[in-house]
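First the structure, in the form of C-alpha cells, and then the observations on it.
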Amino acid sequence: MLAKSRDLHHDFINGYFVETFGSLAETPQKLRDNFHRSEKFIHTLSELASQIG
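Residue numbers for the sequence shown follow my numbering, so the first one is -5 and each next one is one higher.
Here you go:
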C-alpha cells in the first residue's frame, strides 16, 4: 500500500508543479528539493514496510 501511496504522491505533486509552474524545470528549486526529500522519505517507509510484512 505504501508503494501505491508513493506513486500517487509522485504523480500528484508532479501534476501540481506542471499545472502551477508550467513544467518541473520551472518549479522553484526549494520546492523541487522538498519534493525529492519527501519522495526519499516515502520510499524509505515503503522499503521498511516491505521488510516487515
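Every residue, glycine too, gets a C-beta built ideally from N, C-alpha and C.
query: Spatial neighbours of L18 within its chain, please: CB distance less than 8 Å, with the 5 preceding and 5 following residues excluded, ordered by chain position.; result: N8, F11, V12, R26
query: To the nearest angstrom, how far is the alpha carbon of A(-3) from that of Q45?; result: 13 Å
query: Assuming H30 contacts R0 (C-beta within less than 8 Å), just tell me the rounded distance between them.; result: Between R0 and H30 the Cβ distance is about 13 Å, and since that is not below 8 Å, they are no contact.
query: What residue from E41, E33, L42 has the CA that sits closest to F6's CA?; result: E33
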